[in-house]
Amino acid sequence: MSTTDTDTAAGKEAGAPPEGGTAPDSGAAGEERELGAAGSQLSTAPAEEINVPSLGPLGWARWFWRQLTSMRVALLLLLLLSLATIPGSLVPQTSIDQLKVQDFQNRHPTLTPIYEKLQLFHVYSSVWFSAVYLLLFISLIGCIVPRTWQFIGQLRGRPPAAPRRLTRLPAYTTWRSEAEPEQVLLAAQKIMKRRRFRVHASGDAVAAEKGYLREVGNLLFHIALIVLLVSFAAGQLWKTEGTSLITEGGGFSNSRTQYDDIKTGQLFNSDDLAPFGFQLDRFTATYERNGPQMRTPRTFRADITYWEGADGAARKTSIKVNEPLEISGYKVYLLNHGYSPVVTIRDGKGDVTYQGPVVGLPIDGANLTESVVIKVPDYRDKNGKKDQIGFQGQFLPTWVRSHGMFSVFPALDNPTLVLTAYHGSLGVDGGTPQSVYQLDKSRMKQFMESDGKTKFARALAVGDTMKLPNGAGTLSFDGVKEWASFQISHKPGDQGALIGAVAALVGLAGSLFIQRRRVWVRAVTGADGTTVVEMAGLGRTEYAKLPEELADLAVRLQTDAPPAPDAEPDPEPGPESKTDSTKDSTKDSTKDSTKDSAENSVGDSEENSVRGSEEGPAKDPTPESASDTADPADPAEGARA
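One gets the numbering used here by counting positions in the sequence shown from 1 and adding 39 to each.
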């Protein structure tokens, strides 16, 4: 038994005729006629042919559609879509952070007009990004639909019949057996079916085909890309994303007014908000106190109580960094943390005008120094006259006087509240919205010390009380609570995108590692009465394991069709027999009598085409023509292993 394997590509196995004429049978055209349906394309990929369209709108439309639905254009559009996301990552986006966009525009007055014309501040909703997105979507659909129908047709069909000469295939083996041809073919069918080949018997051969999951993987990969595109589009059109800052003891209810800021998709409706809420019970943060990672958080946890629906049961859980709470299709992420000094403010008459925590705005990310602003619009002085008062200063979790007005550590080692006070008009009655973290001092006056020259300011520890000049009132520093900032996000396309990504990986793996191939087994009765068994294989691409697989199948088949013993060679003829043309037809090819004797001993053509070391000396073989002889040295025939 011998097995052949060459580097001949699939296109060379069933190639087209060369330009300018018709090749002989031994050329590409001859191979195509020899293989016939067996060498047909093993892929559902559309043929890469470009025909010059006829003039007119219909011809150009047909040409454009063919180009758009080609795999080459689909890959190009996918590359363009990937490149289009780069400016969306480098340039601040209006939909994500409008303050950063405004800051970028202030710092780059020359680039701003150019970026605005190119729509770089809102890339994902720009015209050019949407165009690439839609073209890729159409291209994938136009590519998948015809391939799917073609693949269904292949599944419903049968493996093609064996070509006339199996020796032209890249993997080939043959031997003689004393088993009957019908017995060999029946055994071959059983072996192929056990190996999950699709088998079809036709005449004196059995055709088998395997590897259809490769095309399933190709189709699955492209369908998964469509699922990803649809999921991303749904996530942008119906998304809800906002933040909310909550102090310990405070809560959040999923309504639009509860968000500090919220961004929604174009098709979002407020009625689509799922009913749920949660309350921040306690926030716990610990920090590294020594070494190169000093001040790095070690514990960063928000303990909450949450509920679903209007009458849902309350449940307790914890939210950590990268461990969000998933509730009603929403994800609640823990973003940031800070401190809220608890104060009590009394006016000049001794009445409480404000009591509770005041959220500070961090100005030092490492040590959590915070800017604090307190506004009291309803206030009366000691004479009962209406006034407005405001406080501004800093909160320092760990204050060391020698380090100035900045904290030296983020934990509450020495919490200190440093404030100064103003009175006048806060500007809140004009109808113009104001930030709770900023104090408009344009129409206010700062309190002064009793000397009338020094500005009034105090540093308060927990439990201290600051008395305003001239009996204007007091502010008591009662304690400190912690706050946490949460991001509440809902994107309906996240699950679809995850499914699409996993399906794309599975399909890509199948299309890369599964090889589609065909195997044929032919069994015919030779001239000497034994059965000539031929096996050959053909792969869609240069499948390196095809010869090994064919050899393994041949070994298994030889259990039911063992090789026949080699024929004993004829005895060496004497000098007197050299003139006998009937005995030395193959012993002396240089004598003219050899041709005459060979013409009288024509053997079976199929027997003469079988080659192998186990056959032994041939009995009067008839030389074939140049187009029918299978030369072992011919690359088209395959180099024998």
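We put the beta carbon where it would ideally sit given N, CA and C, even for glycine.
- Going by the CB atoms, is the gap between residue 168 and residue 140 shorter than 8 Å? no
- Query: Can you find at least 3 beta carbon pairs, one from the stretch 384-395 and one from the stretch 357-375, that sit closer than 8 Å?
  - Reply: no
- Query: Which word fits residue 423, buried or exposed, when buried means at least 16 other C-beta atoms lie within 10 angstroms of its C-beta?
  - Reply: exposed
- In the DSSP assignment, find the unbroken beta strand (DSSP E) run with residue 522 in it and report its ends. 513-529
- Query: According to DSSP, is residue 339 helix, strand or coil?
  - Reply: strand
- Item | Between the CA atoms of residue 372 and residue 362 - distance to the nearest angstrom | 7 Å
- Task: Leaving aside the five residues before and after residue 531 along the sequence, list all residues of the same chain whose C-beta is less than 8 Å from its C-beta, in chain order.
- Result: 273, 274, 277, 278, 368
- Please name the residue in 432, 512, 588, 469 whose C-alpha comes closest to that of residue 477. 432
- Task: Would you grab the beta carbon distance between residue 265 and residue 176 for me? Rounded to a whole angstrom, and I think it's under 8 Å.
- Result: 7 Å
- Taking 8 Å as the cut-off, decide whether the C-beta atoms of residue 380 and residue 456 are in contact. yes
- Message: Quick check on residue 399: buried or exposed, where buried means 16 or more other Cβ atoms within 10 Å of its Cβ?
- Response: buried
- Task: Just confirm the distance between the C-beta atoms of residue 318 and residue 301, as a whole number of angstroms; I'd bet it's less than 8 Å.
- Result: With a Cβ gap of about 20 Å, residue 318 and residue 301 do not count as contacting.
- Item | Whole-angstrom distance between residue 182 and residue 15, CA atom to CA atom | Not covered by the structure: residue 15. The range shown for the chain is 40 to 680.
- Item | Three or more C-beta pairs below 8 Å linking the stretch 193-212 and the stretch 246-266 | yes
- Does the beta-carbon of residue 408 have 16 or more other beta-carbons within 10 angstroms, so that it is buried, or is it exposed? buried
- 7 Å Cβ shell around residue 643 - same chain, five flanking residues per side excluded: Only weak support is given to the placement of residue 643: the predicted model assigns it a pLDDT of 37, under 50, and the value that follows is read from those uncertain coordinates. For residue 643, where only same-chain residues beyond five positions count, the Cβ hits under 7 Å are 565, 566.
- Message: What would DSSP say about residue 391, mapped onto helix, strand or coil?
- Response: strand
- Message: With three or more C-beta pairs closer than 8 Å as the rule, is the stretch 480-489 touching the stretch 499-511?
- Response: yes
- Message: For residue 148, count the other beta carbons within 10 Å of its own beta carbon; 16 or more makes it buried, fewer makes it exposed. Which is it?
- Response: exposed
- Under three-state DSSP, which class holds residue 690? Outside the displayed range of the chain (40 to 680) lies residue 690, so it cannot be described from this structure.
- Query: residue 154 lies in the alpha helix (DSSP H); which residues open and close that run?
  - Reply: 150-156
- Query: Is the stretch 532-543 touching the stretch 332-341, taking contact as three or more C-beta pairs under 8 Å?
  - Reply: no
- Message: Quick check on this structure: which residue in 542, 307, 560, 322 has the alpha carbon closest to the alpha carbon of residue 238?
- Response: 560
- Task: Give the DSSP bridge partners of residue 191, in chain order.
- Result: According to DSSP, which records beta bridges pairwise, residue 191 is partnered with nothing at all.
- Query: Going along the chain, which residues of its own chain have a beta-carbon closer than 8 Å to the beta-carbon of residue 166, five neighbours each way excluded?
  - Reply: 158
- Query: So the alpha helix (DSSP H) residue 121 belongs to, where does it begin and stop?
  - Reply: 110-129
- Query: With distances taken between CB atoms, is the gap from residue 549 to residue 252 smaller than 8 Å?
  - Reply: yes
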